[in-house]
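These protein sequences, in sequence, are chains A and B. Position in the first sequence counted from 1, then plus 416, gives you the working numbering. Position in the second sequence counted from 1, then plus 77, gives you the working numbering. In what follows, a single structure is set out as structure tokens and then discussed.
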Amino acid sequence: MMRYLKADLWRLSKRIPRIITIILINIILAVVIIKGSQGDSWNSVFFMDKLLKGFSMVIMGYGIVEFISVFSDDFRAKTMQVAIGAGTKRRHVILTKWTDCMVLLAGDMLFTCIVGLLTGAMTGVHVNGEQIMDLVINFLGNLIQSGGYYSLVMILVFHMQSVMIPLLVYMFLSIGLLNSVISSLFYIDAIQKFHLESFTLTNAGQSFISRLIVGSLDFKSLIVMLVYIAIGYVVSSLLFKKKELEF
Amino acid sequence: MSETMIALKGINKSYGKHQVLQDVNLQINEGDIYGLVGKNGAGKTTIFKVILGLSEYQGGDLLICGDKDKAAEERQKIGFLVGINFFSYMTGRQNLEYYRILKGIKDKSEVDRVLKIVELDNVKSKFKNYSLGMKQRLGIANALLGNPKILILDEPTNGLDPQGIADVRKLVQKLNEEYGMTVVISSHILGELQNTAHRFGIINGGSVAKEFSAEDLATEEKSVRISVADLEKAKEVLTNAGIEILNEVQETRSLEDYYFDLVGGETK
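Next up, the structure:
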């Protein structure tokens, strides 16, 4: 599995459009921060507010970019088949693809943290340790939440052997559209009494971040997110296990 | 006695009610060049997919290097060309580098070695700019990565010109003779396969209609062709010797002979 992961990350490092998109997103973020710094009241609080808002926006963009990068070329070239033919177990293929997405997303987010903080420093802002910790918490919370989105969408990816519909579902998940639809169901009397609000992936992610920022670990939300990741992996593995793969 | 490299024992496979493989029994021994023959849809590629773990089968046993339970691990000993599986945005060398890492081959010079074998070592362009013949050759290079014990080639001469076809044949024979590779090869070009393989399996309607060796094929021959300078004299000698001439066939040169005489290159 590690060989497949290493090979995939190596080939993704050669994908120029992906790199250009990531750089462009960060240039836009830097420009937004610099423009925001032109008012008199610019300080580290305003800066962090802008950075964190921008951060959650760009993560959606990164999620989509990396999803396409990891899967679209692979399905076109059918290299997954070669990996299986060369002895990679199918469940390891799923795990590798999920890890691909997570490693790339984490790398992109780290890059944005660095770009954001450097841009802030250029505008004369000095962030303190507490603010850095807020950024780290957002980083972790969003990463785990995105891991859940990826894992759920992989059920469709490996079952359908295509990218388009799973990509749409990923977008609906990451912009919170599916969460809004599901949350609206919780207002139905018959369902309301079960208090399921905290069990959606998006709500669990938000709760995990907001509680951690005030210093308490929301263990339940963390477990909910990890359960979503596990469910996605198990269901994908079961569906992919006997899937006929075409050359 | 040579080791059995791949054995399919009573393999069955169906898509719903459509049976695509029916009690397939095949045995490929170490050192064989095994030719798989059959028309489109006969089940050749499905057999390859079963061997490579890309297709589930409903009954029977698959043994790779004698092992039934560790087929996935044993597959690492197989190099294969079944379709063209490369990233269009990378060069041929980069694509092979990707597969070198994926296959866990530590020797970085391996990519150069296989590119040299298929004569693509000087090509710098991206894969999307390759001709069909170059793509096929790159596919063979990928199959050769890591010097596998077994080579599976599904119609490797597809889209190749006559010189390319002859080159693939020479390459397969060289890999078998010099490197001791066991080769399983399918092709629609029967004359070509006859010149390459030691053993044959004819697939028809999802089952193995017949398995035979090149020697078996040779003994099936009912006539002998001889070339003489004076045909009339030869006929007279045969008649005088009491040998009746049953059939007289005027033989013309093959298209392949004609082509190679005209444009150069060699078939053997």
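From the three backbone atoms N, C-alpha and C, an ideal C-beta is built for every residue, glycine too.
Can you name, in chain order, every residue of its own chain whose Cβ lies under 8 Å from the Cβ of V541(A), other than the five neighbours on each side?
Only S453, W458, N459, S460 and F463 meet the Cβ criterion.
So, with DSSP's three-state summary, where would you put M473(A)?
Three-state result, M473(A): helix.
Among K422(A), I598(A), I604(A) and A646(A), whose alpha-carbon lies nearest the alpha-carbon of S614(A)?
Answer by Cα proximity: I598(A).
Shortest alpha-carbon distance to T234(B) belongs to which of R214(B), L228(B), N224(B) and L222(B)?
Of R214(B), L228(B), N224(B) and L222(B), the residue nearest in Cα terms is R214(B).
Compute the Euclidean distance between the alpha carbons of D465(A) and S472(A), then round it to the nearest angstrom.
Distance between the alpha carbons of D465(A) and S472(A): 11 Å.
Assign P433(A) to one of two classes, buried (16 or more other C-beta atoms within 10 Å of its C-beta) or exposed (fewer than that).
Exposed, because fewer than 16 other Cβ atoms sit within 10 Å of the Cβ of P433(A).
Does any residue of chain A bring its CB to less than 8 Å from the CB of K180(B)?
Taking Cβ atoms only, chain A reaches closer than 8 Å to K180(B), which makes this a yes.
So, using beta-carbon positions, are I280(B) and T273(B) closer together than 8 Å?
Against a cut-off of 8 Å, the Cβ pair of T273(B) and I280(B) comes out as no contact.
Compare the C-beta of R434(A) with all C-beta atoms of chain B and state if any pair is closer than 8 Å.
So, not an interface residue.
Determine the direct distance from the alpha carbon of K126(B) to that of N117(B), and round the result to whole angstroms.
Approximately 15 Å between the Cα atoms of the pair.
Does DSSP classify F163(B) as helix, strand or coil?
Coil, per DSSP.
Hey, out of G455(A), K659(A) and V573(A), whose CA is closest to D490(A)'s CA?
Selected option, being the one with the closest Cα: V573(A).
Within a Cβ cutoff of 6 Å, which residues of the same chain sit near V543(A), ignoring the five residues on either side of it in sequence?
Cβ neighbours of V543(A) beyond the five flanking positions: S460.
Does Q135(B) come within less than 8 Å of chain A when only Cβ atoms are used?
It does not; no Cβ of chain A falls within 8 Å.
Can you grab the Cα-Cα spacing for the pair I591(A) / I480(A), in whole Å?
Taking the straight line joining both Cα atoms gives about 11 Å.
Rounded to the nearest angstrom, what separates V640(A) and S626(A) at their Cα positions?
Computed Cα separation, rounded: 15 Å.
What are the boundary residues of the beta strand (DSSP E) that includes H95(B)?
Counting along the chain, the beta strand (DSSP E) containing H95(B) begins and ends at H95 to N106.
Confirm, please, whether the CB-CB distance from L103(B) to G278(B) is below 8 Å.
It is a contact, given that the beta carbons lie within the stated cut-off.
Between the alpha carbons of R177(B) and E187(B), how many angstroms are there, rounded?
The alpha-carbon atoms of R177(B) and E187(B) are separated by roughly 8 Å.
Distance, Cα to Cα, F588(A) vs G156(B)?
Between F588(A) and G156(B), the C-alpha separation is close to 41 Å.
Go through its chain and collect everything with a Cβ distance to N224(B)'s Cβ below 7 Å, but skip five positions before and after it.
Contacts found: Y256.
Going along chain A in order, which residues have a C-beta closer than 8 Å to the C-beta of M167(B)?
Going along chain A in sequence order, the residues near M167(B) (Cβ under 8 Å) are R427 and K430.
Does DSSP put H508(A) in a helix, a strand or coil?
Three-state result, H508(A): helix.
Does DSSP put K345(B) in a helix, in a strand, or in coil?
With a pLDDT of 47 at K345(B), under the threshold of 50, the modelled position of that residue is not reliable, and the figure given next carries that caveat. In the structure shown, K345(B) sits in coil (DSSP, three-state: anything other than H, G, I, E or B).
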